[in-house]
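Right, one structure below, let's go through it.
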Amino acid sequence: MHRYQQKAYAIAYHFTDGSVQDAEDLTQEAFLRAFQNLDKFRGESSFYTWFYRILVNVCVDGRRRRNRWHKVFLPWHRESGHKGLSPEERPDPEAHERSLKAISGKELSRDIQNSLRSLPEKQRLAFQLKALHGMSIQEIARVMGAAEGTVKSHLFRATHFLREKFKDWEEA
Amino acid sequence: MKPCPDRNDTILLAVYKELNPEQQRDWEEHKAACPGCRGEYEALLRLVGRIRESMTVPELSGQTANALLRSVKQEMRKEREKPSWWKEWLGRPNRLVPALATASIVLITFGLFGPNFTEKTSSPKPDAENEAVIKDLDVLTNLDFLEDMDTLQELLNVLDHNEPT
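From first to last, the protein sequence lines stand for chains A and B.
Under the working numbering, the residue at position 22 of the first sequence is numbered 651, and the numbers go up by one with no gaps.
Under the working numbering, the residue at position 60 of the second sequence is numbered 905, and the numbers go up by one with no gaps.
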C-alpha cells in the first residue's frame, strides 16, 4: 500500500484542485474500495492500472458530488452567465486585458491551474495522467476505460488548448 | 516559423515520449532539418515542464501516510467483523424464537383444520376415454325407450297413410 500511496495521493490532489483534506479522503476511499473488491481483480491488467482506475472513478465521483453540492447550496452560481463553472473557473475579464507577458511566475501558476480546471473532464484527466503523472497512453486508456486513439485525441486537444492559451507567455 | 502541418501529432507524441524507435529516428532526422518543427517541439516541452512545476504536490508526510493506512485498516476490520444481515438476524434469539414459535403454530393449525388434500388427490379425474364409455352406457340404458320411440313413429306413418284425402 505504501508503494501506491504517494502517487494515489498526488492524482487525487490534482483532481481536487489542491485540497489536501479532500485528496486524503479520496485516497482513503480508493484504497478501501480496492480492498473490498480485491476478489474481482482478475489479473487482466496490472494491479497498478486496476487500482488507478478505481482511484480515478472515486475522484470523478467526488468531483461530481462537490459540483452537485455547489449547485444546490450556491443558487447564485446558476444565476451567472457561466453555467457549470465554479467561481474560480470563470474567466476574469481583467485577466484578458492584462498581458501574459507581465504576470509573475506565481500568477502564471494560478493561471495554469485555472486553465486546467476549465478543460473538459476527459481532456483534463488524460493530460494530468500523462503530463503530471507520466503514465503511458496505453495505461491511461486502461485507467479511463477508453481506446488509445480516444486518449490521444483528448491529450492532443488539451495540449493545443494550453499551447494557445500560453502562447504569449512562451513568446515573452 | 510555423511547424509542418502534417507533423503536429508527431511533435506531440515526441513531447510525451510515445514514438516507437522507428518513428523516433524519423522524427530526429526531421527535427534536425526543420527549424519550425524543432521550435514547436521545444516550446511544447517548456510548456509541459512549466505546468509540471506549477502543479507540484506536497509530499505526504510519514505521519499522514500512517494515519491513512491506519484508518483504511480500521475500516477493513469493521467491514470484516460486521456479520452479514441474515447471520445478524438469525443470531438474535429475541427474534428467532418468536419466529419459530409462530411458524410451528401456523403449521399445526393448518394440519388440523386445513383442507384434506389426501381425499382430493385420491379421486382420479375422468379422462376422455372414460367419458366415452359413460356416454355408451347411457345409450344402452335408454335403448328400450328409443325402440318405443321408433314404434310410435311407424304407427304415426301408418295412420297418416290410411287417412282419407
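Quick reminder that beta carbons are idealized off the backbone N, C-alpha and C, glycines included.
What did DSSP end up calling A/His762 once you bin it into helix, strand or coil?
Residue mapping note: residue 762 of chain A aligns to position 133 of the first sequence, counting from 1. Note: A/His762 maps to coil in three-state DSSP.
Whole angstroms is fine: what's the gap from B/Val834's alpha carbon to B/Gly956's?
It is not possible to answer for residue 834 of chain B, since the shown part of chain B is limited to 846 through 1010.
Using a Cβ-Cβ cutoff of less than 7 Å, which residues in the same chain neighbour A/Leu758 once the five nearest sequence positions on both sides are dropped?
For the purposes of this step, residue 758 of chain A is identified with residue 129 of the first sequence, where counting begins at 1. So the list reads Met764, Ile769 and Val772, once near-sequence residues are dropped.
Closer than 6 Å by C-beta to B/Gly959: which residues in its own chain qualify, once you throw out the five before and the five after it? Chain order, please.
Residue numbering aside, residue 959 of chain B sits at position 114 when the second sequence is read from its first letter. Nothing meets the Cβ criterion.
Taking CB distances under 9 Å as the criterion, tell me whether B/Met921 reaches chain A.
Locating residue 921 of chain B in the second sequence gives position 76, where the first residue counts as 1. Yes, contact with chain A.
Given that a residue counts as buried once 16 or more other Cβ atoms are within 10 Å of its Cβ, and exposed if not, what is A/Thr788?
To locate residue 788 of chain A, count along the first sequence from 1; it is residue 159. The residue in question, A/Thr788, is buried, as its Cβ has 16 or more Cβ neighbours within 10 Å.
Return the chain-ordered ranges of every alpha helix (DSSP H) run that is complete within the region 857-915 of chain B and spans a minimum of 4 residues.
Counting whole runs of 4 or more residues, the region 857-915 of chain B contains the alpha helix (DSSP H) stretches 866-878 and 880-899.
Within 10 angstroms of the Cβ of A/Phe676, are there 16 or more other Cβ atoms? Answer buried if so, exposed if not.
Translated into positions along the first sequence, residue 676 of chain A becomes position 47. Looking at its Cβ environment, which holds fewer than 16 other Cβ atoms inside 10 Å, A/Phe676 is exposed.
Of all the residues that make up the region 673-704 of chain A, which are near chain B by a beta-carbon distance shorter than 9 Å?
Result list empty, no residue passes.
With a cut-off of 8 Å, do at least 3 Cβ pairs link the region 630-648 of chain A to the region 678-691 of chain A?
Judged by Cβ distances under 8 Å, the region 630-648 of chain A makes contact with the region 678-691 of chain A, as three or more pairs qualify.
Can you tell which of B/Trp872, B/Leu890, B/Arg940 and B/Glu898 has its C-alpha closest to the C-alpha of A/Lys796?
On the first sequence, residue 796 of chain A is found 167 positions in, with the first residue counted as 1. Taking only the C-alpha atoms, the option nearest A/Lys796 is B/Leu890.
Would B/Asp972 count as contacting chain A if we go by Cβ distances under 9 Å?
What you label residue 972 of chain B is simply residue 127 of the second sequence in a count that begins at 1. Taking Cβ atoms only, chain A never reaches closer than 9 Å to B/Asp972, which makes this a no.
Where does A/Glu673 fall in DSSP's three states?
Position 44 of the first sequence, counting from 1, holds the residue named residue 673 of chain A. Coil at A/Glu673, not helix or strand.
Contact criterion: CB-CB distance below 9 Å. Does B/Pro903 meet it with respect to chain A?
Start at 1 with the first residue of the second sequence, and residue 903 of chain B comes out as number 58. True, the Cβ-Cβ gap to chain A drops below 9 Å.
Please report the straight-line C-alpha distance between A/Leu655 and B/Thr855, rounded to a whole angstrom.
Against the first sequence, residue 655 of chain A aligns to sequence position 26. Against the second sequence, residue 855 of chain B aligns to sequence position 10. Looking at the two C-alpha atoms, the distance is approximately 36 Å.
Can you tell me where the alpha helix (DSSP H) with A/Ala755 in it begins and where it stops?
Taking the first sequence and counting its residues from 1, one reaches residue 755 of chain A at position 126. First-last of the alpha helix (DSSP H) with A/Ala755: Glu750 to Phe756.
Taking the alpha helix (DSSP H) that B/Met994 belongs to, which residues open and close that run?
As a working note, residue 994 of chain B is residue 149 in the second sequence. Unbroken alpha helix (DSSP H) run through B/Met994: Leu988 to Asn1007.
Whole angstroms are fine: how far does the CA of A/Leu761 sit from the CA of B/Met900?
As a first step, residue 900 of chain B must be located in the second sequence, where it is residue number 55. As a first step, residue 761 of chain A must be located in the first sequence, where it is residue number 132. Cα to Cα, B/Met900 sits roughly 8 Å from A/Leu761.
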